[in-house]
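Asker: Submitted below is the structure of interest, expressed as structure tokens.
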Amino acid sequence: MTYQLEALLAEVVRHDASDLYLTAEAKPMIAVHGQLTAIGELPLTPEDTVRLAQEAMTPEQWDEFRHRRDLNFAIKVAGHRFRFNAYYQRSTVAMVARLIRQDIRSFEELGLPQVLADLVMSPRGIILVTGATGTGKSTTLATMIDWRNRNSSGHIVTIEDPIEFTHEHKGCVVSQREVGIDTESFHEALRSALRQAPQVILIGEIRDTETAMFALHASETGHLVLSTLHTNNANQTLERLLNLFPKELERQLLTQLSLNLRAIVSQRLVPRIGGGRVVVVEILLNTPRVQELIAQGDVEELKGVMAKSVKDGMQTFDMHLYELVKAGIVEEEVALRYADSANDLKLRLRGIGGSGFGR
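In structure tokens form, the structure reads like this:
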């Protein structure tokens, strides 16, 4: 049996899967709502994975991959866009392909709170969307950028590796720069971004000290910066940012973050009743009280502030899970499994209260 890349990608679309896994000595696998399913009868051979990688890549990309041993790229097949990561494991080629949804959905369709629409209209500051891989961070950012694009005038610059959602020029001019195609490197794109007179800058991910420094500088000079981190909540996000810098700069960094951060939006995907998954979000907004806590480094106090600041637009994961259970969208047992504090959530669902549910 000879596997063809286009046929495998067609199976991803047909099953409404999120990811395709191609690894030697294993059958091709797809992820449907987080569950893996085989889509072939025979395991892939090392020769199969090399051939499939060569089908997916240009000759130049193949040469780069052989040299770097790891490559991100995107392709379009039969009207659908896929983001690939190719890598080596046990001396054989492997790939993961993710289906990129080209239809940019609304906040309502995604089940995201309206406060995100208000945030993305901010004139300046830093908005961070965080979560594990595959929790919909790119989808949320695409919706936020689209809202700004439709409801304002200006220049939006995105720096991505690779581009995931394509944006039309609506109220704004949207310049989307893909690393390796439109710019030589991520850092080169960052260095030139401020010379392109943007109002909004989307950075695919804050992955190192230089990127974090750029985000802070861009915000301080009057730009709105959106980006992602692979962290699970607001506390972890602030700790990750602090860990990018030397210890002696911690006090200065806390001050900069307290002045420039607009929000941290953390996401998880949770199984919904009837199939599929629903997004659950924690939202930290930089109110005067939050600003004070960040400046002092008291990040452990932030969760309590979120729980007591619903009127400001904040919420914890467990508060959102509570609402989803009450709305009949998520089973109680599932919500308890995904909760930060299963005991607090259980008490709240029983009408007793819970320390993480202040008002």
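If you count by numbering that gives the first Met the number 0, then the sequence shown holds residues 0 to 358, one letter each, in order.
Glycine residues also receive a C-beta, built at the ideal position from the N, C-alpha and C atoms.
Source: prediction; values computed, not measured.
Would Ile-205 and Ser-191 qualify as a contact pair, given that the criterion is a beta-carbon distance under 8 Å?
Answerer: On the sequence shown, residue 205 is found 206 positions in, with the first residue counted as 1. On the sequence shown, residue 191 is found 192 positions in, with the first residue counted as 1. The answer is no: Cβ separation not under 8 Å.
Asker: Is it true that the CB of Leu-253 sits closer than 8 Å to the CB of Ala-294?
Answerer: Here residue 294 corresponds to residue number 295 of the sequence shown, with the count starting at 1. Here residue 253 corresponds to residue number 254 of the sequence shown, with the count starting at 1. Their beta carbons are under 8 Å apart, which means Ala-294 touches Leu-253 by this criterion.
Asker: What's the gap between the Cα of Leu-223 and the Cα of Gly-203?
Answerer: As a position in the sequence shown, residue 223 is number 224, starting the count at 1. As a position in the sequence shown, residue 203 is number 204, starting the count at 1. Roughly 14 Å between the two C-alpha positions.
Asker: Go ahead and label Gln-3 buried or exposed: buried means 16 or more other beta carbons lie within 10 angstroms of its beta carbon, across all protein chains shown.
Answerer: Here the question's residue 3 lines up with position 4 in the sequence shown. Classification for Gln-3: exposed.
Asker: Near Thr-220, which residues of its chain fall below 8 Å by C-beta distance, leaving aside the five closest residues on each side in sequence?
Answerer: Your numbering for residue 220 matches position 221 in the sequence shown. The answer, listed in chain order, is Leu-193.
Asker: Would you check if the stretch 118-138 and the stretch 262-271 touch, i.e. whether three or more CB-CB distances between them fall below 8 Å?
Answerer: The stretch 262-271 vs the stretch 118-138: in contact.
Asker: Rounded to the nearest angstrom, what separates Thr-44 and Arg-80 at their Cα positions?
Answerer: Working through the sequence shown from its first residue, we reach residue 44 at position 45. Working through the sequence shown from its first residue, we reach residue 80 at position 81. Approximately 26 Å between the Cα atoms of the pair.
Asker: Are the beta-carbon atoms belonging to Thr-208 and Phe-244 less than 8 Å from one another?
Answerer: In the sequence shown, residue 208 corresponds to position 209, counting from 1. In the sequence shown, residue 244 corresponds to position 245, counting from 1. A contact, by the Cβ cut-off of 8 Å.
Asker: Are three or more beta carbon pairs between the stretch 107-116 and the stretch 131-147 nearer than 8 Å?
Answerer: Segments in contact, yes.
Asker: For Ile-272, which residues of its own chain have a beta-carbon under 7 Å away from its beta-carbon, when the five flanking residues on both sides are left out?
Answerer: Taking the sequence shown and counting its residues from 1, the one referred to as residue 272 is at position 273. The answer, listed in chain order, is Gly-327, Ile-328, Val-329, Glu-330.
Asker: For Arg-65, name the three-state secondary structure that DSSP assigns.
Answerer: The residue labelled residue 65 in the question sits at position 66 within the sequence shown. Helix at Arg-65.
Asker: Less than 6 Å between C-beta atoms, sequence neighbours within five positions excluded: which residues of the same chain meet that for Arg-13?
Answerer: Against the sequence shown, residue 13 aligns to sequence position 14. If we look at Arg-13 and ignore the five residues flanking it on each side, it has no Cβ neighbours.
Asker: List the DSSP bridge partners of Asp-18.
Answerer: By 1-based counting over the sequence shown, the position of residue 18 is 19. Per DSSP, Ala-30, Arg-97.
Asker: Return the CA-CA distance between Leu-70 and Ser-308, expressed in angstroms with no decimal places.
Answerer: Within the sequence shown, the letter at position 71 stands for residue 70. Within the sequence shown, the letter at position 309 stands for residue 308. Computed Cα separation, rounded: 43 Å.
Asker: Measuring CA to CA, which of Thr-48, Met-313, Gln-101, Gly-78 is closest to Asn-84?
Answerer: The sequence position of residue 84 within the sequence shown is 85, counting from 1. Considering only alpha carbons, the answer is Thr-48.
Asker: In this structure, what does DSSP give as the bridge partners for Arg-104?
Answerer: Translated into positions along the sequence shown, residue 104 becomes position 105. Partner(s): none; Arg-104 has no beta bridge.
Asker: Check whether the Cβ atoms of Ala-131 and Asn-231 lie closer than 8 Å to each other.
Answerer: Translated into the one-based positions of the sequence shown, residue 131 becomes position 132. Translated into the one-based positions of the sequence shown, residue 231 becomes position 232. Yes, these two residues count as a Cβ contact at 8 Å.
Asker: Pick helix, strand or coil for Leu-225, following the three-state DSSP scheme.
Answerer: If you number the sequence shown from 1, residue 225 lands on position 226. In the structure shown, Leu-225 sits in a strand (DSSP, three-state: E or B).
Asker: Based on the DSSP secondary-structure assignment, which residues constitute the bridge partners of Val-278?
Answerer: Translated into positions along the sequence shown, residue 278 becomes position 279. According to DSSP, Val-278 bridges with Leu-268.
Asker: Helix, strand or coil for Gln-3 per DSSP?
Answerer: One-based indexing of the sequence shown puts residue 3 at position 4. In the structure shown, Gln-3 sits in coil (DSSP, three-state: anything other than H, G, I, E or B).
Asker: From Leu-344 to Lys-302, what does the alpha carbon distance come to, in whole angstroms?
Answerer: Translated into the one-based positions of the sequence shown, residue 344 becomes position 345. Translated into the one-based positions of the sequence shown, residue 302 becomes position 303. Leu-344 and Lys-302: Cα-Cα distance of roughly 14 Å.
Asker: Quick one: using the 10 Å Cβ neighbour count with 16 as the cut-off for buried, is Lys-136 buried or exposed?
Answerer: For the purposes of this step, residue 136 is identified with residue 137 of the sequence shown, where counting begins at 1. So Lys-136 ends up on the buried side.
Asker: For Asn-285, name the three-state secondary structure that DSSP assigns.
Answerer: In the sequence shown, residue 285 corresponds to position 286, counting from 1. Coil, per DSSP.
Asker: Taking the Cβ atom as the reference point for each residue, do Arg-276 and Gly-110 lie within a distance shorter than 8 Å?
Answerer: Locating residue 276 in the sequence shown gives position 277, where the first residue counts as 1. Locating residue 110 in the sequence shown gives position 111, where the first residue counts as 1. Contact flag unset, no.
Asker: If you count every other CB in all the chains shown that lies within 10 Å of the CB of Thr-236, and 16 or more means buried, which is it?
Answerer: Taking the sequence shown and counting its residues from 1, the one referred to as residue 236 is at position 237. Buried, by the Cβ-count rule.
Asker: When burial is assigned at 16 or more other CB atoms within 10 Å of the CB, is Asp-160 buried or exposed?
Answerer: One-based indexing of the sequence shown puts residue 160 at position 161. When all chains shown are included, Asp-160 counts as buried.
Asker: Just how far apart, CA to CA, sit Ser-105 and His-166?
Answerer: Here residue 105 corresponds to residue number 106 of the sequence shown, with the count starting at 1. Here residue 166 corresponds to residue number 167 of the sequence shown, with the count starting at 1. Going from the Cα of Ser-105 to the Cα of His-166 covers about 14 Å.
Asker: Which runs of the alpha helix (DSSP H) fall wholly inside the stretch 143-209 and span at least 4 residues, in chain order?
Answerer: Runs found: 185-192.
Asker: Near Val-119, which residues of its chain fall below 6 Å by C-beta distance, leaving aside the five closest residues on each side in sequence?
Answerer: Numbered from 1 along the sequence shown, position 120 holds the residue referred to as residue 119. Same-chain partners within the cutoff: Met-143, Trp-146, Arg-147.
Asker: Taking the CB atoms as reference points, tell me whether Leu-215 and Asn-259 lie closer together than 8 Å.
Answerer: Counted from its first residue, the sequence shown places residue 215 at position 216. Counted from its first residue, the sequence shown places residue 259 at position 260. Yes, they are a contact pair.
Asker: Going by DSSP in three states, Arg-13 sits in which element: helix, strand or coil?
Answerer: Counting from one through the sequence shown, the residue named residue 13 turns up at place 14. Correct three-state label for Arg-13: helix.
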